[in-house]
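Working notes for the structure below.
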Amino acid sequence: IYQKLYAITNPDSYSKTTTNFLERLNSVNLSDSLIAIKDLIKTNIHSEKSLNQYVYRALDIFVKHIIENHSGYQYLWKKDQHENLFGPLTETKIQPYIFGQLTNLFDFMGIKINREVKSGNGSIDFLVSYTTTENRLILTCVELKLAHSGNVESGILKQLPAYMKSQRCTNGIYLVLWFKGKNFDKPKNYETMYDLNLALNELNIDPHMLIMSIDCSKPIEPSKL
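FYI, my numbering numbers position 5 of the sequence shown as 14, with every residue one higher than the one before it.
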């Protein structure tokens, strides 16, 4: 009886119930590895968690998939006069590529994405914001890190948590780019991207921080496998 009376008399009950329901529904939809772009466009965003999941899936479709399966990797490397790859670009030079892949979708959805936002004692690579139908501003922090940088572990332990705290944000994404392969031999302490993923997931104790690794190495042509 008390629960029924509370639901009837509390003006926020319906809103909270609806938000929780949509969040659970979106969580199921966004967990599908083969989610279509049209389904992504129809997704309802009502909380920081759902925004974080949305950004994660957008990165998966528009950044990770393009880099790993449609030669997007070539835009992230330095090239000599003969178009030979000889080293990865820096984080600041890679940021515009990622920004460009996401900006049209985010503009359509009313999501705002900013680069190099001052946060605490540093700058977070991407700060994503969205205003819900209840006129509530929600945020997600995205920290970009090259796997061969000397502080890839501290990024998940210190940097991203610090940026989230500075922005009063409870959710974030740690985006790691892997370049090791025929054209590049770093990082030395991880043989494969899978090894790095295992290490980062062991270090990550916050379920609100999602980790995504992208293989940016030049793939072997199928005909040569």
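Backbone N, C-alpha and C define an ideal beta-carbon position, used for all residues, glycine too.
Predicted model, so just to flag it, every value in this text is computed and none were measured.
Beta-carbon to beta-carbon, residue 222 and residue 190 are separated by about 14 Å, too far to satisfy the 8 Å threshold. Per DSSP, the beta bridge partners of residue 224 are 187. Taking C-alpha positions only, residue 48 is separated from residue 70 by approximately 12 Å. For the pair residue 185 and residue 156, the CB atoms are nearer than the 7 Å cut-off. Using a Cβ distance threshold of 7 Å, residue 149 and residue 137 count as a contacting pair. With the rule of 3 Cβ pairs closer than 8 Å, the segment 79 to 94 does not count as touching the segment 164 to 176. Residue nearest to residue 109 within the set 205, 128 and 75 is 75 (criterion: CA-CA distance).
Rounded to the nearest whole angstrom, the CA to CA distance from residue 133 to residue 77 is 25 Å. In this model, residue 104 and residue 58 are separated by some 23 Å (Cα to Cα). For residue 65, there is no enclosing beta strand (DSSP E); the residue is found in the alpha helix (DSSP H) stretching over 57 to 68. Inter-residue distance for residue 146 and residue 181 is about 15 Å (C-alpha atoms, whole angstroms). Looking at the DSSP output, residue 88 shares a beta bridge with 94. For the segment 87 to 163, the full-length alpha helix (DSSP H) segments reaching 4 residues or more read 100 to 118 along the chain.
Counting along the chain, no alpha helix (DSSP H) covers residue 54, and no H or E run does either. With 16 or more other Cβ atoms from the protein chains shown falling within 10 Å of its own Cβ, residue 61 counts as buried.
Cβ contact annotation for residue 107 (same chain, cutoff 6 Å, sequence separation greater than five): 72, in chain order.
Between residue 54 and the set 171, 188 and 139, the nearest pair of CA atoms involves 139.
The beta carbon of residue 128 is closer than 7 Å to those of 172, 175 and 176 in its chain, skipping five residues each way along the sequence. Note on residue 101: under 16 other CB atoms within 10 angstroms of its CB, so exposed under the neighbour-count rule.
Of the residues assessed, residue 46 falls on the exposed side of the cut-off, its CB having fewer than 16 other CB atoms within 10 angstroms. Ranked by Cα distance from residue 63, the options 119, 215 and 82 are led by 119.
Taking C-beta atoms as the reference points, residue 212 and residue 220 fail to come closer than 7 Å. Residues 183, 209, 212 and 213 of the same chain have their beta carbon placed closer than 6 Å to that of residue 165, with the five preceding and five following residues left out of the count.
By the Cβ neighbour-count rule, residue 201 is exposed, with fewer than 16 other Cβ atoms within 10 Å of its own.
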